[in-house]
Amino acid sequence: MTSPQHSEYDLVVVGSGIAGLYAALQAHEAGARVLVVTKGGIGEASTRYAQGGIAAAVGPEDDPADHLKDTIDAGAGLVDEEAARILCYEAAPRIADLVRYGVNFDSDNGAVALGREAAHSRARILHARGDATGLEIELSLSSLAQREIAILEHTFATRILTDSGRVSGVEVFVRAEGGRRVFGTPRVVLATGGAGQMYRTTTNPPVSTGDGVALAYECGAEVMDMEFTQFHPTALVLPGRPVFLISEAVRGEGAQLFNAKGERFMPRYDPDRAELAPRDVVARAALKEMLEAGSDHVLLDVTAYDAEWLAARFPSIYARCLESGLDMAKDRIPVSPAAHYTMGGVRTNTWGETTLRGLFAVGETACTGVHGANRLASNSLLETVVFAHRAVERLLNPPDPTPPPEAPTADALVLDGLGSDGEAPRTEQVKELMWREVGIVRTGEGLRDAAEQLRRWASAVPVPTDREGYELRSIITCARLATEAAVRREESRGAHFRTDHPWPREQWRRHIVFRRPSDGPSATITPESTSTDRESARA
Ligand code: FAD
Ligand code: SIN
4 MTSPQHSEYD LVVVGSGIAG LYAALQAHEA GARVLVVTKG GIGEASTRYA
54 QGGIAAAVGP EDDPADHLKD TIDAGAGLVD EEAARILCYE AAPRIADLVR
104 YGVNFDSDNG AVALGREAAH SRARILHARG DATGLEIELS LSSLAQREIA
154 ILEHTFATRI LTDSGRVSGV EVFVRAEGGR RVFGTPRVVL ATGGAGQMYR
204 TTTNPPVSTG DGVALAYECG AEVMDMEFTQ FHPTALVLPG RPVFLISEAV
254 RGEGAQLFNA KGERFMPRYD PDRAELAPRD VVARAALKEM LEAGSDHVLL
304 DVTAYDAEWL AARFPSIYAR CLESGLDMAK DRIPVSPAAH YTMGGVRTNT
354 WGETTLRGLF AVGETACTGV HGANRLASNS LLETVVFAHR AVERLLNPPD
404 PTPPPEAPTA DALVLDGLGS DGEAPRTEQV KELMWREVGI VRTGEGLRDA
454 AEQLRRWASA VPVPTDREGY ELRSIITCAR LATEAAVRRE ESRGAHFRTD
504 HPWPREQWRR HIVFRRPSDG PSATITPEST STDRESARA
């Protein structure tokens with residue numbers, strides 16, 4: 004049942020968010036036979052929830068060089084400068100592709116409207132439907148893809164198949180059949196999104212369980228920077244309701260943060276940028292204020308605007324707040340941090356190639372190095388299209404002669420499992436542990452304890468037989484990769500903050516890369532990177 008059939012497709016794309024759909028449309032336009040498999044309905048993806056927008060230096064007074072500088076500054080010394088340069092300088096043609104695929108960005112007097120977000124030196128965020136940019140993108144791409152491309156919904160990729168050191172197919176679990184199937188193909192594009200569901204409190208939808216990272220790791224491709232999860236500072240977390248993001252664009256329009264005593268606190272933490280400081284700074288500040296006050300939230304105040312203006316600029320947020328009994332024009336909104344974005348992922352070069360021949364990774368599941376230790380707001384949607392474009396170019400036109408696959412980046416360290424006769428964990432237990440010990444503020448002791456608990460659980464997880472089982476396996480794999488990396492990184496940098504090592508350390512200005520060699524799991528740490536960080540880039 005699991006031996007590959009003939010290669011019916013030139014490539015199989017796993018995932019139907021912006022990265023997967025854009026890659027599939029590009030490959031289809033170039034004449035390739037493409038299959039998209041996606042584990043839920045086509046629109047179930049982080050993409051549809053994106054609010055603020057997509058960053059691109061397209062304004063008359065902007066310059067990709069300024070966008071590049073902001074991206075590097077936010078990344079706390081770990082940004083891959085070559086990849087970030089590509090991101091910023093190839094933005095404009097990719098925005099034009101999205102417009103060609105039907106995305107209608109908001110405009111102002113005939114010119115594209117540009118919003119402001121934290122740590123951007125200019126207003127450079129294109130948005131759509133006010134604060135429903137992702138919905139506009141997801142609907143535009145999915146309606147086009149459904150007309151043009153073979154798409155299998157409720158089809159869960161469970162394994163990447165390899166033969167003689169390269170991809171030969173992908174195994175899937177088909178919900179309607181309750182069983183597995185194999186598609187033979189020489190190329191698989193992983194576009195499975197992030198792993199926010201590792202955490203108890205997250206802005207991510209239920210599909211964000213890190214499957215692509217787990218699949219890649221299991222088949223021997225390298226995984227990088229998993230200790231860096233971005234926590235968004237302003238989520239609306241109300242009992243019995245799904246976590247809802249209050250976009251950074253609201254702070255971009257001037258909203259201010261207050262603690263339980265009614266004091267505006269951000270100027271104390273970052274006098275120059277205040278509420279528009281990088282996300283890691285604002286998230287830690289909000290958490291500190293909450294802990295000091297014994298409160299589960301701080302307050303976001305945007306009452307300087309009237310209801311009419313707020314409803315026009317932020318229609319979804321305004322409506323959701325009203326549903327929750329909050330009028331943004333009159334009430335301060337209770338907000339708290341939530342896991343939001345997985346900076347780490349499947350290690351790729353600037354062509355979307357992983358270290359396994361025939362396996363590509365694009366979008367949030369990939370780690371191109373553009374975000375370093377802390378992603379700049381609205382660079383994520385941009386990254387998906389810039390690097391998906393390059394991946395498709397490369398996979399359809401491989402260089403001749405094809406270079407040998409990249410050598411592993413460093414020596415291996417074995418990640419052993421703990422033999423266990425204990426009980427398998429429930430997903431909620433893993434998420435609670437990650438939130439408590441591998442969250443916004445970490446300690447060496449807590450990280451080591453979490454690593455050991457996860458090793459026990461990993462040994463007790465049963466062989467999956469349904470979607471929930473596969474997702475639990477992915478979450479545990481990602482949680483282990485994140486925790487093991489966080490244990491090793493004895494410093495604080497960007498989104499990774501440890502009270503026992505509260506400052507960045509020069510010897511840690513490098514990446515942690517994990518690889519599972521054929522004879523068992525292992526972890527590797529790369530040689531020092533050459534990027535230019537400063538010891539002063541303190542968390
Ligand atoms: P996704 O959109 O998450 O798509 C992943 C797809 O893969 C889904 O279809 C999923 O079902 C499928 N999948 C997963 N596993 C499997 C499997 N095993 N088999 C088959 N299919 C699978 N970024 C910005 O730049 N600007 C913003 O304004 C912004 N706002 C955001 C707001 C929210 C609330 C959230 C959660 C994120 C936001 N982000 C924003 C981040 C951005 O939306 C995501 O990083 C981006 O959409 C990821 O796109 P993707 O295609 O890589 O993944
Ligand atoms: C937001 O709108 O605050 C999210 C933007 C992002 O994650 O880039």
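First residue of the sequence shown: 4, per our numbering; consecutive thereafter. Glycine residues also receive a C-beta, built at the ideal position from the N, C-alpha and C atoms. Remember, it's a predicted structure, so these values are computed and weren't measured experimentally.
Only residues of its own chain outside the window of five on either side were considered, and among them 131 and 139 have a CB closer than 7 Å to the CB of residue 107, listed in chain order. Around the Cβ of residue 195, a 10 Å sphere holds 16 or more other Cβ atoms; the residue is buried. By the criterion of a C-beta distance shorter than 7 Å, residue 15 is surrounded in its chain by 38, 40, 173, 186, 188 and 191, once the five residues flanking it on both sides are discounted.
Residues of the same chain with a CB within less than 6 Å of the CB of residue 67, apart from the 5 flanking positions on each side, are 60, 91 and 92 in chain order.
In this structure residue 489 is in contact with residue 441, their Cβ atoms being roughly 6 Å apart against a cut-off of 8 Å.
In the DSSP assignment, residue 452 falls within the unbroken alpha helix (DSSP H) covering 447-463.
One alpha carbon belongs to residue 210, the other to residue 346, and they sit about 17 Å apart.
Distance from the CA of residue 236 to the CA of residue 46, rounded to the nearest whole angstrom, comes to 26 Å. The C-alpha of residue 426 is placed about 44 Å away from the C-alpha of residue 87.
Every residue whose beta carbon comes nearer than 5 Å to a heavy atom of the ligand SIN appears here in chain order: 54, 55, 250, 251, 380 and 381.
Here residue 455 is exposed. Its C-beta has fewer than 16 other C-beta atoms within 10 Å. The Cβ atoms of residue 288 and residue 204 lie no closer than 8 Å to each other.
For residue 363, the uninterrupted beta strand (DSSP E) segment begins and ends at 362-364.
By the Cβ rule, the region 367-377 counts as touching the region 496-512, because three or more pairs are nearer than 8 Å.
In this structure, residue 206 places its C-beta atom within 8 Å of the C-beta atom of residue 199. At least one heavy atom of the ligand FAD is found less than 7 Å from the C-beta of residue 160. Of all C-beta pairs linking the region 143-151 to the region 268-287, fewer than three are shorter than 8 Å, placing the two stretches out of contact.
Relative to the Cα of residue 12, the nearest Cα in the group 27, 20 and 21 belongs to 27. Rounded to whole angstroms, the gap between the alpha carbons of residue 388 and residue 354 is 12 Å. Three or more beta-carbon pairs drawn from the region 228-246 and the region 329-343 are found closer than 8 Å, and the two stretches are therefore classed as touching. Residue burial annotation: residue 328 is exposed, with fewer than 16 other C-beta atoms found within 10 angstroms of its C-beta. Distances taken from the Cβ of residue 42 to the heavy atoms of the ligand FAD include one shorter than 7 Å. In the pairwise beta carbon analysis, the region 223-232 is classified as not touching the region 256-266: fewer than three pairs are separated by under 8 Å. Counting C-beta atoms within 10 angstroms of its own C-beta, residue 512 has 16 or more neighbours from the protein chains shown and is therefore classed as buried. Distance from the Cα of residue 362 is smallest, within the candidate group 171, 344 and 202, for 171. Secondary structure of residue 392 (DSSP, three-state): helix. For residue 30, the Cβ stays outside the 7 Å cut-off from all heavy atoms of the ligand FAD.
Of the heavy atoms belonging to the ligand FAD, none sits nearer than 7 Å to the Cβ of residue 355. Looking at the DSSP output, residue 19 shares a beta bridge with no other residue.
Across the structure, residue 478 and residue 430 are spaced so that their CA atoms are roughly 8 Å apart.
Of the candidates 63, 161, 218 and 65, the residue whose Cα lies closest to the Cα of residue 467 is 161.
Nearest neighbour of residue 159 by Cα position, chosen from 36, 142, 146 and 177, turns out to be 177.
The beta carbons of residue 105 and residue 367 sit no closer together than 8 Å. Under the three-state reduction of DSSP output, residue 161 falls in the strand class. Leaving aside the five residues that flank residue 33 on each side, the residues in its chain whose CB is nearer than 6 Å to its CB run, in chain order, 399. Beta-bridge pairing by DSSP links residue 370 to 350.
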